[in-house]
Amino acid sequence: MLVDILQLTLYGIVLGSIIALGAIGVSLTFGILGFANFSHGDLMTSGAYIAFTVYTLLALPLWLAFPAGMLGAMAVALAIDWAFYSRLRRSKGLILLISSFGAALIIRSLVQIVWGPDNQVYEPGIQMAVRFGEDIVGSPGLRIKPDQVRILIGAAVLVSAVHVFLRYTRMGKAMRAMADNPDLARLTGIDTKRVIVWTWVIGAGLAGAAGVFLGLDTRLHPDMGWFILLPIFAATILGGIGRPYGAIAGGLVIGIAQELSTLQIPPDYEPLVNPAYKPAVAFAIMVLMLILRPTGLFSGRST
Amino acid sequence: MALLEVDAVTGGYGEADILHDVSLRVEEGEVVAIVGPNGAGKSTAMKAVFGLVTIRQGQIRFRGEDVTGLSPDRVVRRGISYVPQTDNIFPSLSVDENLDMGAFLRRDGIAAQKAHVYDLFPPLQAKRRQPAGTLSGGQRQMVAMGRALMLEPGLLLLDEPTAGLSPKFMDQIFDIVRTVHASGVGILMVEQNAKQALALADRGYVLAMGRNRYEDRGQALLQNSEVAEMFLGG
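Residue numbers (our numbering), protein chains in the order written: chain A, 1 to 303; chain B, 1001 to 1234.
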């Protein structure tokens, strides 16, 4: 049972780091631009497919295709911002939210037109999991796939880079300031237009990375980003809106909670929650959080 | 030439005008207080200077240049800083980072001005790395003013700096205003605590119903029996 819990926690950390990468972007756009971006999941999808094309068509190694996915997602986000959101800057958050819903549908449909509606994978065949830690946690030890190790390392590197950016650069501090208090940022003379561009660059770049990781962990599908949007929103709210560090913590909590919910309990080894209902776990956490502590764990803005 | 001249300004938010022919001026290095009953348009008059109000008539000049209708981010570049009444800090940023943001527009070194701000507000020194949102009300007000001072403005606009503070903190805030003033910055402040504000101000304006009612030296307004009876609660 302990081994099972640790195994699920490990899977939860993998899933959680993908959710966290998405949630950082949602949290920043929510804090800075003032709306819940429903197209964020589809930005992930676009990044995953752009990396897929570079990987398969140009026969480049995946580590080269990966930044292409990030850059692609950034380009998609900036294009959408230019085409839609920039014209609605003074509108209420609800108007922007609905327009982001439209943007989400557009991206998803384009992905379907270009790449088709079927499942695709970066690498055909099944990857063998590596066993380790048998002497520490007991038989049969823990399993992890090499791709999952790559995801964990990649996420750790990206999160560290974002941390350095937000903490030590002038633009990073300005982004946190604007997420804290957009009105005051304007009155202070912070260049809010540039902050918005950087918000998309960082948010969508991480979304593109998360999309590739998600495709690597499971498969590519036009709905992949849409389906993970709910856990990402849950992580954002859990961490506090406009709190990128909260989003990271929230992502890990949601990821681990989702995986642990499938724990099979003796004596009849029924899972705690039917795995088909995994996303409902995120939903339940989100609702509970909104009732108990709407500003999130890290006291973000209540919107 | 006055530092700031508001010349017969009429305006408001949207359709209805709140200010009618309001005029005021601040000389270089002066503290000027705007007092008056609730709804007199005190804060609106100040916001008009900072480009937050639609001005239909009249003109606002800063150091002789027309700044009427400029957006806040342009006004701030001209050398006017504004401290809103509420939400005037970045709560999750450290005290030091709040000051950094105040200097966002500056491309030259900011270390000297930062040291100057910490000299003005010694209690902040020890809390440099602490999130500003965790400080006491009085210290937050110091952060807010410190942020506004980072651009070395010629004029500081303070919107009800003591609103919602306990009497103990109020005295502290008026001391801070004196300190900032002593460093040579012109100050235009809106205050509910009219007596204390006028006692500290070089000059004061009494607004009522969005119009100028009285204008005099701060002390003189305090001693004006009419003003006292009508606006200062006897």
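All residues carry an ideal CB built from backbone N, CA and C; glycine is no exception.
Quiz item: Closer than 7 Å: is that where the CB of I1110/B sits relative to any heavy atom of the ligand NAP?
Solution: For the structure depicted, the ligand NAP is absent and the ligand set is empty, with no information on it obtainable.
Quiz item: In terms of alpha-carbon separation, which member of I196/A, V253/A, M128/A and R167/A lies closest to S17/A?
Solution: Within the first sequence, numbered from 1, the residue matching residue 17/A stands at position 17. Minimum Cα distance to S17/A is reached at V253/A.
Quiz item: When DSSP labels each residue in this structure, what does L1120/B get in the three-state scheme?
Solution: Here residue 1120/B refers to the residue found at position 120 when the second sequence is read from its first residue. If DSSP states are grouped into helix, strand and coil, L1120/B belongs with the helices.
Quiz prompt | Contact list for the segment 115–147 of chain A against chain B, Cβ threshold 8 Å | solution = Cβ contacts with chain B come from no residue of the segment 115–147 of chain A.
Quiz prompt | Outcome for T169/A when other beta-carbon atoms lying within 10 angstroms are tallied against a minimum of 16 | solution = By one-based count along the first sequence, residue 169/A stands at place 169. Exposed: under 16 other Cβ atoms inside 10 Å.
Exercise. Report the rounded CA-to-CA distance for Q1196/B versus I1173/B, giving the unit in angstroms.
Key: Residue 1196/B sits at position 196 when you count from the first residue of the second sequence. Residue 1173/B sits at position 173 when you count from the first residue of the second sequence. For Q1196/B and I1173/B, the distance between alpha carbons rounds to 11 Å.
Quiz prompt | Within-8 Å CB hit, I285/A to chain B | solution = Along the first sequence, one-based indexing puts residue 285/A at 285. I285/A does not count as touching chain B.
Exercise. Check whether the Cβ of S1092/B lies closer than 8 Å to any Cβ atom in chain A.
Key: Residue 1092/B sits at position 92 when you count from the first residue of the second sequence. For S1092/B, at least one C-beta of chain A is nearer than 8 Å to its own C-beta.
Quiz prompt | Whole-Å CB distance - A257/A paired with A20/A, under 8 Å assumed | solution = In the first sequence, residue 257/A corresponds to position 257, counting from 1. In the first sequence, residue 20/A corresponds to position 20, counting from 1. That belief does not hold up - the Cβ atoms of A257/A and A20/A are roughly 13 Å apart, past 8 Å.
Quiz item: Counting only runs that start and end within the segment 1014–1101 of chain B, where is the alpha helix (DSSP H) found for 4 or more residues in a row?
Solution: For the segment 1014–1101 of chain B, whole alpha helix (DSSP H) runs of length 4 or above, ordered along the chain, are 1042–1049 and 1072–1078.
Exercise. Select from I190/A, P222/A, V130/A and I285/A the residue whose C-alpha is nearest the C-alpha of R1107/B.
Key: For this step, residue 1107/B is matched to residue 107 along the second sequence. By alpha-carbon distance to R1107/B, the top candidate from I190/A, P222/A, V130/A and I285/A is I190/A.
Quiz item: Can you tell me whether DSSP reads I144/A as helix, strand or coil?
Solution: Working through the first sequence from its first residue, we reach residue 144/A at position 144. Three-state result, I144/A: strand.
Quiz item: Under three-state DSSP, which class holds A77/A?
Solution: Stepping through the first sequence from its first residue, residue 77/A is reached at position 77. Correct three-state label for A77/A: helix.
Quiz item: Tell me which same chain residues have a C-beta within less than 7 Å of the C-beta of E1152/B, skipping the five on either side of it?
Solution: Residue 1152/B sits at position 152 when you count from the first residue of the second sequence. Excluding sequence neighbours, E1152/B sits near Q1113.
Quiz prompt | For V111/A, the three-state DSSP class (helix, strand or coil) | solution = If you number the first sequence from 1, residue 111/A lands on position 111. V111/A: helix per DSSP, three-state reduction.
Quiz prompt | Identity of the residue in M1/A, V14/A and L8/A nearest L216/A by Cα | solution = Here residue 216/A refers to the residue found at position 216 when the first sequence is read from its first residue. Closest by C-alpha distance to L216/A, out of M1/A, V14/A and L8/A, is V14/A.
Practice problem: Answer yes or no: does any C-beta atom of chain A fall closer than 8 Å to that of D1100/B? | Solution: One-based indexing of the second sequence puts residue 1100/B at position 100. Chain A, which has a Cβ nearer than 8 Å to the Cβ of D1100/B, makes this yes.
Exercise. Could you please tell me which residues of the segment 185–198 of chain A, in chain order, have their CB closer than 9 Å to any CB of chain B?
Key: Per Cβ criterion, the list reads A185, R186, L187, T188, G189, I190, D191 and T192.
Quiz prompt | Contacting residues, own chain, Cβ-Cβ under 6 Å from T236/A (five flanking each side not counted) | solution = Within the first sequence, numbered from 1, the residue matching residue 236/A stands at position 236. A23, V26, S27 and A247.
Practice problem: Taking all protein chains shown into account, decide if R1077/B is buried (16 or more other Cβ within 10 angstroms of its Cβ) or exposed. | Solution: In the second sequence, counting from the first residue as 1, residue 1077/B sits at position 77. Residue burial is scored here from C-beta neighbours: R1077/B has fewer than 16 other C-beta atoms within 10 angstroms and is therefore classed as exposed.
Exercise. Spatial neighbours of F66/A within its chain, please: CB distance less than 8 Å, with the 5 preceding and 5 following residues excluded, ordered by chain position.
Key: For the purposes of this step, residue 66/A is identified with residue 66 of the first sequence, where counting begins at 1. Excluding residues within five positions, the ones whose Cβ falls inside 8 Å are A51, G154, A209 and V212.
Quiz prompt | N- and C-terminal bounds of the beta strand (DSSP E) containing M1240/B | solution = Since the displayed chain B opens at 1001 and closes at 1234, residue 1240/B lies outside it and no answer follows.
Practice problem: Hey, could you find the ends of the alpha helix (DSSP H) T188/A is sitting in? | Solution: Walking along the first sequence from the start, residue 188/A turns up at place 188. That run of the alpha helix (DSSP H) goes P182 to T188.
Quiz item: Does any C-beta atom of chain A lie closer than 8 Å to the C-beta of R1203/B?
Solution: Numbered from its first residue, the second sequence carries residue 1203/B at position 203. Residue contact with chain A for R1203/B: absent (no Cβ-Cβ distance below 8 Å to any residue of chain A).
Quiz prompt | Whether V1049/B touches L1198/B by CB criterion (8 Å) | solution = Residue numbering aside, residue 1049/B sits at position 49 when the second sequence is read from its first letter. Residue numbering aside, residue 1198/B sits at position 198 when the second sequence is read from its first letter. No Cβ-Cβ contact shorter than 8 Å links V1049/B with L1198/B.
Self-check item: Beta-carbon proximity list for R1212/B, same chain, < 7 Å, skipping 5 on both sides
Solution: Mapped onto the second sequence, residue 1212/B falls at position 212. First, the amino acid is wrong: residue 1212/B is Asn here, not Arg. These residues qualify, in order along the chain: V1022, S1023 and Y1205.
Quiz item: Which of the three DSSP states, helix, strand or coil, is assigned to L1149/B?
Solution: Here residue 1149/B corresponds to residue number 149 of the second sequence, with the count starting at 1. In this structure, L1149/B counts as helix in the three-state DSSP scheme.
Exercise. Starting from E1097/B, find everything on chain A with Cβ-Cβ shorter than 8 Å and list it in chain order.
Key: As a first step, residue 1097/B must be located in the second sequence, where it is residue number 97. In chain order: K173, R176 and A177.
Quiz item: Per DSSP, V1006/B is paired with what?
Solution: One-based indexing of the second sequence puts residue 1006/B at position 6. In DSSP, V1006/B forms a bridge with L1024/B and I1060/B.
Self-check item: Inter-residue CB distance, L1158/B and I1187/B (contact presumed, cutoff 8 Å)
Solution: Taking the first residue of the second sequence as position 1, residue 1158/B is located at position 158. Taking the first residue of the second sequence as position 1, residue 1187/B is located at position 187. By a beta-carbon distance limit of 8 Å, L1158/B contacts I1187/B. Their separation comes to about 6 Å.
Quiz item: What residues of chain A sit near P1084/B, judged by a beta carbon separation below 9 Å?
Solution: In the second sequence, residue 1084/B corresponds to position 84, counting from 1. Residues of chain A with a Cβ closer than 9 Å to the Cβ of P1084/B are, in chain order, D183, L184 and L187.
Quiz item: How would you list, in chain order, the residues of chain B whose beta-carbon sits under 8 Å from the beta-carbon of R243/A?
Solution: The residue given as residue 243/A occupies position 243 in the first sequence. Going along chain B in sequence order, the residues near R243/A (Cβ under 8 Å) are S1092.
Practice problem: Using the Cα positions of Q1141/B and V1067/B, report the straight-line distance between them to the nearest angstrom. | Solution: As a working note, residue 1141/B is residue 141 in the second sequence. As a working note, residue 1067/B is residue 67 in the second sequence. So the two alpha carbons sit approximately 27 Å from each other.
Quiz item: Looking at the C-beta of L1188/B, does it have a partner C-beta in chain A at a distance below 8 Å?
Solution: For the purposes of this step, residue 1188/B is taken as residue 188 along the second sequence, with counting starting at 1. The beta carbon of L1188/B sits no closer than 8 Å to any beta carbon of chain A.
Self-check item: Range of the contiguous beta strand (DSSP E) that encloses V1206/B
Solution: Stepping through the second sequence from its first residue, residue 1206/B is reached at position 206. In this chain, the beta strand (DSSP E) harbouring V1206/B covers R1203 to A1208.
Quiz prompt | Cut-off 8 Å between Cβ atoms - residues of its own chain near M175/A, not counting five sequence neighbours on either side | solution = As a working mapping, residue 175/A is identified with position 175 in the first sequence. Excluding residues within five positions, the ones whose Cβ falls inside 8 Å are L28, I32, L166, V195, W198, T199 and I202.
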